[in-house]
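Asks: Position in the sequence shown (first residue = 1) + 24 = our numbering.
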Amino acid sequence: MHTPDPSLDDAPELKQLYTDFEAEHLNPLWTQLGDLMPMTPTSRAVPFVWKWSTLYPLAQRAGDLVPVGRGGERRAIALANPGLDGVPYVTPTLWAAIQYLGPKEVAPEHRHAQNAFRFVVEGQGVWTVVNGDPVAMRRGDFLLTPGWHFHGHHNETDQPMAWIDGLDIPFVHYTDTGFFEFGSENVTDDSTPDVSRSERLWAHPGLRPLVGLDAKTSSPIAAYRWEHTDAALREQLQLEDEGYAATTEPGHAAVRYTNPTTGGDVMPTIRAEFHRLRAGARTRPRRDVGSTVYQVFDGEGRFVLGGEARTVSTGDMIVVPSWTEWSIEADTEFDLFAFSDAPIVERLHFDRTFISEGA
25 MHTPDPSLDD
35 APELKQLYTD
45 FEAEHLNPLW
55 TQLGDLMPMT
65 PTSRAVPFVW
75 KWSTLYPLAQ
85 RAGDLVPVGR
95 GGERRAIALA
105 NPGLDGVPYV
115 TPTLWAAIQY
125 LGPKEVAPEH
135 RHAQNAFRFV
145 VEGQGVWTVV
155 NGDPVAMRRG
165 DFLLTPGWHF
175 HGHHNETDQP
185 MAWIDGLDIP
195 FVHYTDTGFF
205 EFGSENVTDD
215 STPDVSRSER
225 LWAHPGLRPL
235 VGLDAKTSSP
245 IAAYRWEHTD
255 AALREQLQLE
265 DEGYAATTEP
275 GHAAVRYTNP
285 TTGGDVMPTI
295 RAEFHRLRAG
305 ARTRPRRDVG
315 STVYQVFDGE
325 GRFVLGGEAR
335 TVSTGDMIVV
345 PSWTEWSIEA
355 DTEFDLFAFS
365 DAPIVERLHF
375 DRTFISEGA
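1. Is it buried or exposed for Arg300, if we count other Cβ within 10 angstroms and need 16 for buried?
2. Considering only residues of the same chain and omitting the five flanking positions on each side of Gln148, which have a CB-CB separation below 6 Å?
3. Near Glu264, what residues of its chain come up, given a Cβ to Cβ distance below 7 Å and the 5 sequence neighbours on each side ignored?
4. On the DSSP bridge assignment, give the partners of Gln123 in chain order.
5. Taking a contact to mean a Cβ-Cβ separation below 8 Å, would you say Asp17 touches Pro158 in this structure?
6. Please state whether DSSP places Arg258 in a helix, a strand or coil.
7. What are the boundary residues of the beta strand (DSSP E) that includes Tyr281?
8. In whole angstroms, give me the CA-to-CA distance for Asn179 and Trp151.
9. To the nearest angstrom, report how far apart Leu223 and Phe358 are at their CA atoms.
10. Determine the burial state of Ser215: buried for a count of at least 16 other Cβ atoms within 10 Å of its Cβ, exposed for fewer.
11. For Phe195, report the span of its alpha helix (DSSP H) as first-last.
12. If we ignore side chains and look at the alpha-carbon of each, how far apart do His136 and Thr286 end up?
13. Out of Asp238, Trp74, Gln319 and Thr201, state which residue places its alpha-carbon closest to the alpha-carbon of Glu146.
14. Could you tell me which whole alpha helix (DSSP H) segments of length 4 or greater appear in the segment 221-258?
15. In whole angstroms, give me the CA-to-CA distance for Met25 and Gly339.
16. Within the continuous beta strand (DSSP E) that includes Val317, where are the two ends?
17. Using a Cβ distance threshold of 8 Å, determine whether the segment 46-65 contacts the segment 85-100, with at least three qualifying pairs required.
18. From Ala384 to Thr356, what distance separates their C-alpha atoms?
19. Under 8 Å, do Thr377 and Arg311 count as touching if we go by C-beta distance?
20. According to DSSP, is Glu332 part of a helix, a strand, or is it coil?
21. The beta strand (DSSP E) spanning Leu57 covers which residue range?
22. Output yes if chain C places a C-beta closer than 8 Å to the C-beta of Ile188; else output no.
23. Grouping DSSP H, G and I as helix and E and B as strand, with all else coil, what is Met25?
24. Is the Cβ-Cβ distance between Gln138 and Asp200 less than 8 Å?
25. Using alpha carbons as the reference points, say which of Ala247, Phe203 and Ser315 lies closest to Ser220.
26. Comparing alpha-carbon positions, which option in Arg98, Ser67 and Phe361 lies nearest Thr117?
27. Please list the terminal residues of the continuous alpha helix (DSSP H) segment that includes Gln148.
28. Can you give the Cα-Cα distance for Ala354 and Arg326, rounded to whole angstroms?
29. With a cut-off of 8 Å on the beta carbons, I'd call Val144 and Trp76 a contact; round off their distance for me.
30. Would you tell me roughly how many angstroms separate the C-alpha atoms of Val369 and Val70, rounded to the nearest one?
31. Per DSSP, Ser351 forms a beta bridge with which residues?
32. Taking Phe174 as the reference, which of Ala140, Glu46 and His228 has the closest Cα?
33. So, for Ala252: in the same chain, excluding its five sequence neighbours on each side, which residues have a beta-carbon less than 6 Å away from its beta-carbon?
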């Protein structure tokens, strides 16, 4: 590409040309090529850690001061990446928040185009009602609210409960594809079953009901229960002990939550996984196109983000922006929930990973 001569920048004719461009809402590529087409991805989002010991008390204070109900809809506090100029996004494509529901409170029903999930790091006693199906929320459970599904929450206990929400709000916002609609003032079913109807129909390993053979955009399973996740990770590490190839790296067990109708990701814009590292295990440093958010479910360890080690423990949330070099080191057995924008990146064939050999 022809490179303009810098000595001409002060030429009156060139200054006038740029003025005329601006007047006509035009912008020349040659003045901003490095910003628009960098040599490698340069996310404005930065690596960051939010400590659960700070998040939860702030959510409690919000619970004392801010009502939940129609209008505000949810007592959800978004994680705002420090590199994104104050917008409430954890990365340019992902939204993450801590949501807090007080004793006996009800969050009214609504629906939106954005895909959402909940992950519970502690507590129980809340049911989320998704398209009329009451789904119990308990520690370690991963729960889906796909786009345009009505959903509300009700707390049946005398204790508050908090969990994390993840959505594709930034991606939907930037693509101008969002819709929103109010639903019931309360919830359409306030019963409290141990197992949701969707689980009774769909959550049987390796078995698919013939009533729904079409491929569904999002998984029909409303809740992926901790007991199954824990068992899968435990068995991978036991198989490794027995000499079988069952882990992604030495001492590193991992599973991906999947849509049983396609075998792919649970939702079209969000991937969710769970990782368990043995005490003393570490991952190889790597870079990935696309962003990932982690929450420590249990244990202690470190994330090395762009060469800087950050010590984390139960409940802490970590963001790894696109093409940031990262690795994990476990001090104890280290359990990590993770979600990412990988389905978007892969569908567009922008995915790329670099893994360091010497670690």
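The beta-carbon is built from N, C-alpha and C at its ideal position, and this holds for glycine as well.
Since the model is a prediction, treat every value here as computed from it, not as a measurement.
Replies: The relevant details are as follows:
1. buried
2. Arg162
3. Ala270 and Thr271
4. Ala100 and Trp187
5. No answer is possible for residue 17: the residues shown for the chain start at 25 and end at 383.
6. helix
7. Where Tyr281 is concerned, there is no enclosing beta strand (DSSP E), given that its DSSP letter is neither H nor E.
8. 7 Å
9. A quick correction: the sequence has Glu, not Leu, at residue 223. Their Cα atoms are separated by approximately 28 Å.
10. exposed
11. Ile193 to Tyr198
12. 23 Å
13. Gln319
14. 221-226
15. Low per-residue confidence applies at Met25: pLDDT is 45, beneath 50, and the placement is therefore not dependable, though the value from the model is reported in the following sentence. In a straight line, the C-alpha of Met25 is about 50 Å away from that of Gly339.
16. Thr316 to Asp322
17. no
18. Any question about residue 384 goes unanswered here, given that the chain covers just 25 to 383.
19. yes
20. strand
21. Not the beta strand (DSSP E): Leu57 falls in the alpha helix (DSSP H), residues Leu57 to Leu60.
22. In the structure shown, chain C cannot be found, because there is only a single protein chain.
23. With a pLDDT of only 45 at Met25, under the threshold of 50, the placement of this residue in the model should not be trusted, and no figure is reported.
24. no
25. Ala247
26. Ser67
27. Not the alpha helix (DSSP H): Gln148 falls in the beta strand (DSSP E), residues Gln148 to Val154.
28. 6 Å
29. Actually they are not in contact, since the Cβ atoms of Val144 and Trp76 sit about 13 Å apart, beyond 8 Å.
30. 19 Å
31. Val328
32. Ala140
33. Note that residue 252 is His in the sequence shown here, rather than Ala. So no residue of the chain qualifies.
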